[in-house]
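To start, the structure itself, in structure tokens.
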Amino acid sequence: MNRRTALRNLAFVAGTAVVLPACFHETTKEAPASISLRHLPVSASQEKLLAEVCETILPKTDTPGAKDLGLHLYVLRMLDDCGKLKDQQAFLNGMKQLDNAAHQQHNLGFAACTPQQKLAMLRMLDQQKGSPTDLAHFYRTTKRLAAAGYTKSKYFMTQEIVYELVPSRYNGYFPTKKLDLARKHHGQS
Amino acid sequence: MANLNIDSIKTRTFDAIVIGSGMSGGWAAKEFTDKGLKTLVVERGRDVKHIKDYPTTNLYPWEFAHNGEVPQDIQKANPIINRCYAFKEDAMHFFVKDAEHPYVQEKPFDWIRGYQVGGKSLMWARQTQRWSNFDFEGPARDGFAVDWPIRYQDLAPWYSYVEKFAGISGHADGIPQLPDGEFLPAFPLNCVEDYFSKQIKGKYANRHVISARCAHLSEQKAIHAQQGRGQCQNRTLCQRGCPFGGYFSSNSSTIPWAMRSGHLTLRSDSVVHSILYDEQQGRATGIRVIDAHTKAVTEYYAPILFVNAGALNTNLLLLNSTSRRFPQGLGNDNGLLGKFVAFHNYSARISAEYEGFQDLTTDGRNPAGGGYIPRFRNVFKQETNFLRGYAAGFGASRYFGSDSDGLGVDFKKSLENPTLGPWQVGSHMMGETIPKETNYVRLDPKHKDEWGMPLLSVSVDYDDNDAKMKQDFYEQFTEMYTKAGFTNIKTINSKQAPGLDIHEMGGVRMGHDPKTSLLNKWNQLHACPNVYVTDGACMTSTSTQNPSLTYMALTARAVDHAVQAAKRRDA
């Protein structure tokens with residue numbers, strides 16, 4: 020562990036002193052999420068946890084990461100408005116279970132874990148097959164929605180691909196070798 | 004006072020009244036105003052002006068709050084309309100919500116409606132295949148309905164007439180059961196659709212896979228420029244309303260055309276309660292209209308009335324138009340009004356994959372949707388144990404996909420670098436159903452809507468003929484797919500209720516004999532000839548082809564007849 024990571028971890032540990040009580044005492048009044056939600060009682064700290072989960076799934080590289088694009092807010096909005104009740108409940112349960120698991124394994128809330136610890140926890144969920152527990156359900160839902168939010172984001176559809184509202188063409192015999200995979204047009208397949 | 008009254012009646016008197024502004028009503032409006040008749044069009048829904056009232060038409064995908072999905076609370080509140088394929092975030096404002104306009108389902112029936120100026124012509128799938136004599140002669144040959152009082156020859160010039168104005172793309176394919184029309188260039192088939200077409204041609208005597216004919220301006224002619232419509236831009240976002248006027252709708256074409264004539268009065272938010280009948284004159288004299296918002300009742304008068312309210316609503320309106328002469332509904336001397344309703348069976352699909360053409364894909368978008376397979380069963384002779392047959396759509400496409408496994412940097416890379424999947428093919432059945440007396444609509448005896456109209460009660464179902472036909476579709480297409488080398492063939496049974504096909508027809512059918520039909524060969528009520536019905540309600544049988552083009556042709560023909568007849572009376 021280099022010095023920078025150690026410092027960052029320390030900062031996370033210090034930070035958890037504030038976060039911990041909120042995680043364990045759900046009945047106490049917590050700050051709500053930063054966007055208004057009609058069905059999901061999500062707190063500001065849970066929102067932060069979700070942002071960390073999304074960033075772990077889609078981290079910042081040489082392209083924007085989940086946090087840069089606010090993908091956790093997309094996940095919350097879609098689940099709140101378009102999710103079925105039972106999926107919403109499983110999601111909330113699973114989110115709490117993830118935080119509890121982080122406490123058990125690392126004595127820290129998920130958001131406060133190191134990037135490596137976060138990745139390791141989520142990788143285990145990613146590799147789980149079969150019918151999902153609430154925890155796995157939470158992970159899969161988040162991953163599915165975050166990925167959709169990423170590929171449908173304005174960033175992705177203008178920079179990674181170019182979405183064309185008006186293609187003005189149809190070629191049913193288009194050679195795949197002519198596809199510019201570095202800059203795909205939405206009109207192509 | 005008396006003079007004021009007369010003036011008031013004068014301002015409410017027109018040369019012709021058209022009830023409904025959708026596919027056929029728009030044509031009636033255009034034809035009457037072209038001929039110089041002062042015309043009133045009444046529409047129960049709100050006004051929708053071309054371009055101005057298409058709120059989503061230029062939105063990018065990321066500008067929708069829910070990525071195109073319909074929120075759960077809207078889905079739950081609208082179980083019926085939510086089943087419609089086009090009820091999505093970008094176009095849901097054009098569909099009737101379940102609670103706003105209830106009806107009674109004696110049997111499950113998904114009634115898909117668009118109450119606004121333009122009606123469903125805004126959101127239709129724009130398929131425009133002519134009917135043939137195999138369709139118009141079918142009932143006489145097979146004995147499953149009454150004989151049509153017209154033949155293809157009666158309609159052919161009117162098909163040409165409406166095709167030129169609307170703009171229909173297609174190939175002249177020379178297929179007897181699917182007559183060629185006045186076509187703009189066809190949208191081409193893609194490599195796999197073409198391949199399937201050649202395979203089928205080589206292996207079967209009377210089976211064809213052709214470019215679907217559709218109401219898109221693949222080329223702008225002078226007549227389209229005069230309408231203010233431009234070439235189709237291949238957006239395939241048609242259900243939002245097209246800012247280019249690239250596809251035909253009442254909103255982009257017939258209604259503004261009629262408006263420019265100076266002869267059209269368009270009243271939206273006007274629910275027609277009934278058609279007024281004058282016993283002394285022995286004719287219909289006008290309509291009673293209820294303001295959708297204030298509920299105020301007004302009467303309008305004209306010597307010619309066209310009913311184009313949409314197939315089932317036309318039945319409802321006529322059934323509700325009672326008088327001493329017509330206690331069972333206008334023109335309903337034989338008690339058959341509302342009966343012999345039929346539809347198209349869209350409940351079967353078949354999909355597969357093709358491993359060839361890995362080096363080819365598509366670029367751009369095809370607004371025609373791909374291929375069309377005209378009916379090939381029982382065409383020249385009865386050859387199966389079911390009556391009639393089915394047409395089918397056919398399409399092939401490849402999608403970019405990415406590996407959904409993993410997370411972190413690798414997962415992100417895979418999303419950023421999707422790969423092309425295999426070619427996927429799909430076909431959906433469009434089956435003719437047999438009009439039966441037991442498939443009917445009627446007025447609910449107890450319940451009324453907030454405008455005082457009885458609720459429509461619908462009793463329409465599949466029968467054994469449909470089941471046998473559907474089985475045949477699965478078998479024939481499995482065989483055709485197999486012969487073409489397609490793999491991973493899957494049949495899909497949607498088990499959807501009638502109605503979801505959005506091709507309900509009949510109830511006010513045409514025929515020679517007033518004892519067995521409601522309308523004559525000019526679409527006039529036998530018993531009240533100044534009332535014409537030219538929407539889906541008039542259809543004697545349903546054919547397998549999409550019906551809208553036929554409604555347009557019938558309407559233009561009927562208006563011509565009505566105006567000629569009026570002139571003869573004057574002479």
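Protein sequence lines correspond, in order, to chains A and B. Mapping the first sequence onto my numbering, position 50 (from 1) lands on 69, and the numbers just tick up by one. Mapping the second sequence onto my numbering, position 276 (from 1) lands on 279, and the numbers just tick up by one. Even for Gly, the Cβ is constructed at its ideal location relative to N, Cα and C.
- Item | Contacting residues, own chain, Cβ-Cβ under 8 Å from K86/A (five flanking each side not counted) | A70, C73, E74, K79
- Item | Contacts around A345/B, its chain only, beta-carbon distance under 6 Å, and the 5 residues preceding and following it disregarded | T436, P438, M508, G509, T545
- Message: What does the Cβ neighbour count give for C42/A, buried or exposed, with the cut at 16 atoms within 10 Å?
- Response: In this prediction, C42/A scores a pLDDT of 43, lower than 50, which makes its location untrustworthy; the coordinate-derived value is nonetheless stated afterwards. That one is buried.
- Query: Thinking C-alpha only, which one of A500/B, D447/B, A559/B is nearest P82/B?
  - Reply: A500/B
- Query: In the structure shown, what three-state DSSP assignment does N496/B receive?
  - Reply: DSSP places N496/B in strand when its eight states are reduced to three.
- Message: Rounding to the nearest angstrom, what Cα-Cα distance links K167/B and H227/B in this structure?
- Response: Taking the straight line joining both Cα atoms gives about 9 Å.
- Task: Could you tell me which of T131/B, V412/B, E419/B, K55/B sits nearest to M26/B, measuring between CA atoms?
- Result: T131/B
- Around the Cβ of D113/B, are there at least 16 other Cβ atoms within 10 angstroms (buried) or fewer (exposed)? buried
- Query: Quick one: does F193/A have its CB under 8 Å from some CB of chain B?
  - Reply: yes
- Should Y393/B and F489/B be called a contact, given that it needs their Cβ atoms to be closer than 8 Å? no
- Task: Let me know the secondary structure DSSP gives N337/B once reduced to three states.
- Result: coil
- Query: DSSP three-state call for H276/B: helix, strand or coil?
  - Reply: strand
- Message: Determine, for I76/A, whether the minimum Cβ-Cβ distance to residues of chain B falls below 8 Å.
- Response: yes
- Item | Sequence-distant residues of its chain with Cβ nearer than 6 Å to P40/A (five each side left out) | Because the pLDDT at P40/A is just 40, under 50, the model does not fix this residue reliably, and the value given afterwards should be weighed accordingly. Around P40/A: no qualifying Cβ.
- Please work out which residues of its chain come closer than 8 Å, Cβ to Cβ, to I492/B, disregarding the five sequence neighbours upstream and downstream, and give them in chain order. I353, S354, A355, T481, Y484, T485
- Message: Could you tell me which whole beta strand (DSSP E) segments of length 3 or greater appear in the segment 229-271 of chain B?
- Response: 267-270
- Item | Interface partners of T365/B on chain A, CB under 9 Å | Y189, N190, G191, Y192, F193, G206, Q207, S208
- Write down every uninterrupted run of the beta strand (DSSP E) in the segment 360-437 of chain B whose length is 3 residues or greater and which is fully enclosed by it, in chain order. 363-367, 374-376, 393-400, 426-435
- Task: Keeping to the same chain, check which residues put their C-beta closer than 6 Å to that of A130/A; ignore five residues upstream and five downstream.
- Result: Excluding sequence neighbours, A130/A sits near K67, L68, E71.
- Query: Exposed or buried, what is F383/B when buried is set at 16 or more other beta-carbons lying within 10 Å of its beta-carbon?
  - Reply: Per the 10 Å Cβ criterion, exposed.
- Message: With a threshold of 7 Å (Cβ to nearest heavy atom), would I115/B be considered close to the ligand FAD?
- Response: In the structure on display, the ligand FAD does not appear, and there are no ligands present to speak of.
- Select from G398/B, G373/B, Y349/B, F414/B the residue whose C-alpha is nearest the C-alpha of Y465/B. Y349/B
- Task: Can you give me the start and stop residues for the alpha helix (DSSP H) that R144/B sits inside?
- Result: 141-145
- Exposed or buried, what is I495/B when buried is set at 16 or more other beta-carbons lying within 10 Å of its beta-carbon? exposed
- Task: Pick helix, strand or coil for S172/A, following the three-state DSSP scheme.
- Result: Looking at S172/A - three-state DSSP - the assignment turns out to be coil, as it is neither helix nor strand.
- Message: I'd like to know whether the C-beta of Y63/B is nearer than 8 Å to at least one C-beta of chain A.
- Response: yes
- Run the CB neighbour count on H431/B, radius 10 Å, all protein chains shown included, and call it buried at 16 or more, exposed below. Classification of H431/B: buried, given that the 10 Å Cβ count is 16 or more.
- Task: May I ask which residues mark the beginning and end of the beta strand (DSSP E) holding Y304/B?
- Result: 300-304
- Query: Would you say H415/B faces chain A, with C-beta separation under 8 Å as the test?
  - Reply: The amino acid occupying residue 415/B in the given sequence is Lys; His does not appear at that position. Chain A, which has a Cβ nearer than 8 Å to the Cβ of K415/B, makes this yes.
- Query: Among residues of its own chain, excluding the 5 on either side of A218/B, which ones have a beta-carbon nearer than 7 Å to its beta-carbon?
  - Reply: R129, T131, A169, G170, I171, Y250, F251
- Task: Find the residues of chain A that neighbour P74/B, judging by a C-beta separation of less than 8 Å, and give them in chain order.
- Result: D100, C101
- Query: For the candidate residues A121/A, P83/A, K162/A, whose alpha-carbon lies nearest to that of D408/B?
  - Reply: K162/A
- Can you tell me whether DSSP reads H564/B as helix, strand or coil? In the structure shown, H564/B sits in a helix (DSSP, three-state: H, G or I).
- Which residues, in order along the segment 167-186 of chain A, keep a beta-carbon less than 7 Å from a beta-carbon of chain B? A167, Y169, T170, K171, S172, K173, M176, E179, Y182, L184, V185, P186
- Task: Output the distance between the C-alpha atoms of H266/B and A32/B, rounded to the nearest integer angstrom.
- Result: 9 Å
- Close Cβ partners of E46/B (< 6 Å) along its chain, the five nearest in sequence each way excluded: S24, V120, S271
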